[in-house]
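Engineer: Handing you a structure now.
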Amino acid sequence: MILKFLERNFLIMTDDCNMQTVNSNVNFSTAVTDVIGALQNMIADLGNSTATIPSRNHALFTLKGRSLNAILTERQQQLDTLKTVMESIQNIHAQLVEEKDKVIESINLHERLESSALWRLPTEILSHIFVYCLPEDEYLSPASRLGPILLTRICRRWREVVVSMSRLWCRLRLEVQHDDWQQRAFCYEAWLKRTSGQPLSLALHFYGNGTRQAQTLLQPHIHQITSLYIDFHGVDEPGFSFKFFPALQELSIVGHTAAIAQPISQLPSMLTSLKFPGMWWFDLELLASFAPVWAQLTEVEIYVDKQDAFIRLLQLCPNLSSLKTGIVVSQVQPLEPFTHPTLESLHVCGRAWIFGNPLSGVFNTLSLPNLRVLDVWNTSMWPHEEFKGFLAQSERSLENLNFGAVAITTEEQRAEYVALMPFLKVVVDP
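Every letter in the sequence shown is one number past the one before it in our numbering, and letter 185, counting from 1, is 306.
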């Protein structure tokens with residue numbers, strides 16, 4: 122019992138010591154006093170149980186009605202207990218000395234830091250350093266162990282600098298969940314206030330029908346949001362209007378078609394980038410339903426079902442400079458020739474090993490006089506001769522040709538491309 126008490130109280134003392142590095146209000150001496158007091162009580166109890174030493178004339182077999190052997194056995198047990206307690210106290214003493222050394226080391230460290238140049242750096246330099254302390258993620262979460270939240274917990278001066286730096290708070294991942302929304306909303310609101318009106322990049326993830334809750338939270342900041350990634354997975358009735366974001370310039374949408382069919386027609390006029398990463402196979406009918414949107418776009422990521430939808434997409438986007446797209450299947454019907462004068466970057470992929478050759482006929486149809494970069498992925502059947510004809514009429518504009526995963530070409534074929542365009546850089550991903 123004595124040992125358990127000592128171990129328990131020492132753990133409390135150690136925890137108090139550790140806590141004191143964080144909270145200076147913890148009184149470490151109280152725990153020490155408690156242990157000392159408990160030991161004094163134990164010693165007093167042992168003293169009260171000590172038998173008087175019998176005289177020589179007293180009977181050897183009994184003492185106050187007790188057997189002498191029983192008393193000797195009891196005293197030996199008490200002696201063993203005291204020895205064990207003393208050894209435990211010595212161990213505790215050694216551990217306390219170790220804790221003391223840690224505290225002294227911490228004091229010395231903080232004294233050195235206080236006198237170091239780090240704590241005397243101008244605010245401008247600190248601000249520059251803090252930018253590089255942020256995670257590399259495109260969107261940040263209010264996690265206590267990551268920047269910028271972590272930086273606010275180092276010292277008062279750092280907190281003041283970090284809170285005043287609006288650029289540190291202009292990327293946010295916002296998750297809408299019903300179970301803990303009130304707590305999350307409080308954290309998000311504090312974060313958003315620190316943006317101080319600067320342009321905001323936001324990722325919205327819905328785990329249920331919480332679109333109205335998100336719009337209520339974001340209402341004071343709608344004119345700041347210039348970039349939005351929105352995940353509609355798990356949303357049955359979106360009730361979401363993109364008119365809510367009048368300053369929006371970049372939009373990425375993930376989810377099912379039913380969730381965005383109505384809202385997509387309400388995109389703001391300032392939007393220039395629209396992406397549907399890794400989702401849907403748009404057909405001609407669906408593309409036509411978004412017709413008012415396409416004309417203003419310069420960057421698009423979208424996946425279509427057939428070549429005619431791909432060509433139609435280019436026709437709908439006369440100002441397009443960058444396109445990432447995929448084509449699922451080839452088609453028998455011939456395609457009408459089409460020239461797109463502004464497209465500079467094209468990333469196109471098929472569906473490897475299935476649905477025939479989705480790029481067949483595309484390069485015979487297209488003329489892209491301003492194309493600088495072409496990325497090709499997932500094309501197990503590559504139209505080599507057709508592509509040579511495309512290069513021949515490209516006015517030597519193409520600078521980079523990249524073949525990614527399952528884009529099958531031979532070394533001889535790639536050499537022919539370079540022969541047609543001596544300055545062409547051809548890269549094949551392993």
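By construction, the Cβ of each residue, glycine as well, lies at the ideal position given by its N, Cα and C atoms.
Give me the Cα-Cα distance between His249 and Thr273, rounded to the nearest whole angstrom.
Structural biologist: Translated into positions along the sequence shown, residue 249 becomes position 128. Translated into positions along the sequence shown, residue 273 becomes position 152. Each residue's alpha carbon lies about 15 Å from the other.
Engineer: According to DSSP, is Ser209 helix, strand or coil?
Structural biologist: For the purposes of this step, residue 209 is identified with residue 88 of the sequence shown, where counting begins at 1. Of the three classes helix, strand and coil, the one that applies to Ser209 here is helix, per DSSP.
Engineer: Count the other CB atoms within 10 Å of the CB of Cys276; is the residue buried (16 or more) or exposed (fewer)?
Structural biologist: If you number the sequence shown from 1, residue 276 lands on position 155. Exposed, because fewer than 16 other Cβ atoms sit within 10 Å of the Cβ of Cys276.
Engineer: On the DSSP bridge list, what partners appear for Thr460?
Structural biologist: For this step, residue 460 is matched to residue 339 along the sequence shown. BP columns for Thr460 point to Ser488.
Engineer: What first and last residue would you give for the beta strand (DSSP E) that runs through Ser572?
Structural biologist: Nothing can be reported for residue 572, as the shown portion of the chain is limited to 122 through 551.
Engineer: Please state the DSSP three-state secondary structure of His326.
Structural biologist: Position 205 of the sequence shown, counting from 1, holds the residue named residue 326. DSSP places His326 in strand when its eight states are reduced to three.
Engineer: Where do the ends of the beta strand (DSSP E) carrying Glu422 lie?
Structural biologist: Position 301 of the sequence shown, counted from the first residue, corresponds to residue 422. It spans 420-425 - the beta strand (DSSP E) in which Glu422 sits, taken as one unbroken run.
Engineer: At the level of alpha carbons, what is the spacing between Ser285 and Val425?
Structural biologist: Taking the first residue of the sequence shown as 1, we reach residue 285 at position 164. Taking the first residue of the sequence shown as 1, we reach residue 425 at position 304. Cα to Cα, Ser285 sits roughly 46 Å from Val425.
Engineer: Which residue from Phe365, Cys254, Val375, Lys509 puts its Cα closest to that of Phe327?
Structural biologist: Residue 327 sits at position 206 when you count from the first residue of the sequence shown. With distances taken between Cα atoms, Phe327 lies closest to Val375.
Engineer: Is the number of C-beta pairs between the region 250-268 and the region 216-233 that are closer than 8 Å three or more?
Structural biologist: Contact fails: fewer than three Cβ-Cβ distances are below 8 Å.
Engineer: Under 7 Å, do Gly471 and Leu480 count as touching if we go by C-beta distance?
Structural biologist: Along the sequence shown, read from residue 1 onward, the residue named residue 471 stands at position 350. Along the sequence shown, read from residue 1 onward, the residue named residue 480 stands at position 359. In this structure, Leu480 lies closer than 7 Å to Gly471 by Cβ.
Engineer: Grab the span of the beta strand (DSSP E) containing Tyr565 for me, first residue to last.
Structural biologist: Look at the range of the chain in this structure, 122 to 551, and you will see that residue 565 is not part of it.
Engineer: Which residues bound the beta strand (DSSP E) around Cys470?
Structural biologist: Here residue 470 refers to the residue found at position 349 of the sequence shown. Start and end: 466-470.
Engineer: With distance defined between alpha-carbon atoms, name the residue in Cys291, Val297, Asn499 nearest to Val450.
Structural biologist: Position 329 of the sequence shown, counted from the start, is the residue given in the question as residue 450. Among Cys291, Val297, Asn499, the Cα nearest to that of Val450 belongs to Asn499.
Engineer: Using a Cβ-Cβ cutoff of less than 8 Å, which residues in the same chain neighbour Arg280 once the five nearest sequence positions on both sides are dropped?
Structural biologist: As a first step, residue 280 must be located in the sequence shown, where it is residue number 159. Hits under 8 Å: Leu272, Thr273, Arg274.
Engineer: Please report how far the alpha carbon of Leu408 lies from the alpha carbon of Ser518, in whole angstroms.
Structural biologist: Working through the sequence shown from its first residue, we reach residue 408 at position 287. Working through the sequence shown from its first residue, we reach residue 518 at position 397. Rounded to the nearest angstrom, the two C-alpha atoms are 29 Å apart.
Engineer: Below 7 Å between beta carbons: does that hold for Glu420 and Ser394?
Structural biologist: Indexing the sequence shown from 1 puts residue 420 at position 299. Indexing the sequence shown from 1 puts residue 394 at position 273. The answer is yes: Cβ separation under 7 Å.
Engineer: Could you tell me the alpha carbon to alpha carbon distance between Leu217 and Ile228, rounded to whole angstroms?
Structural biologist: Within the sequence shown, numbered from 1, the residue matching residue 217 stands at position 96. Within the sequence shown, numbered from 1, the residue matching residue 228 stands at position 107. Going from the Cα of Leu217 to the Cα of Ile228 covers about 16 Å.
Engineer: Quickly, what does DSSP pair Glu220 with across the bridge? List them, please.
Structural biologist: Within the sequence shown, the letter at position 99 stands for residue 220. Answer by DSSP bridge pairing: none, since Glu220 is not bridged.
Engineer: Going by C-alpha distance, which of Thr337, Leu492, Gln198 is nearest Ser555?
Structural biologist: In the structure as shown, the chain starts at 122 and stops at 551, and residue 555 therefore has no counterpart that could be examined.
Engineer: If you draw a straight line from the alpha carbon of Leu200 to that of Ile210, how long is it in whole angstroms?
Structural biologist: What you label residue 200 is simply residue 79 of the sequence shown in a count that begins at 1. What you label residue 210 is simply residue 89 of the sequence shown in a count that begins at 1. Taking the straight line joining both Cα atoms gives about 15 Å.
Engineer: Would you check if the distance between the CB atom of Gln336 and the CB atom of Phe363 is smaller than 7 Å?
Structural biologist: As a working note, residue 336 is residue 215 in the sequence shown. As a working note, residue 363 is residue 242 in the sequence shown. In this structure, Phe363 does not lie closer than 7 Å to Gln336 by Cβ.
Engineer: Using the three-state DSSP reduction, which class does Thr142 fall into: helix, strand or coil?
Structural biologist: One-based indexing of the sequence shown puts residue 142 at position 21. With a pLDDT of 38 at Thr142, under the threshold of 50, the modelled position of that residue is not reliable, and the figure given next carries that caveat. Three-state DSSP puts Thr142 in coil, outside helix and strand.
Engineer: Out of curiosity, what's the CA-to-CA distance linking Gln304 and Ile225?
Structural biologist: Position 183 of the sequence shown, counted from the first residue, corresponds to residue 304. Position 104 of the sequence shown, counted from the first residue, corresponds to residue 225. Each residue's alpha carbon lies about 39 Å from the other.
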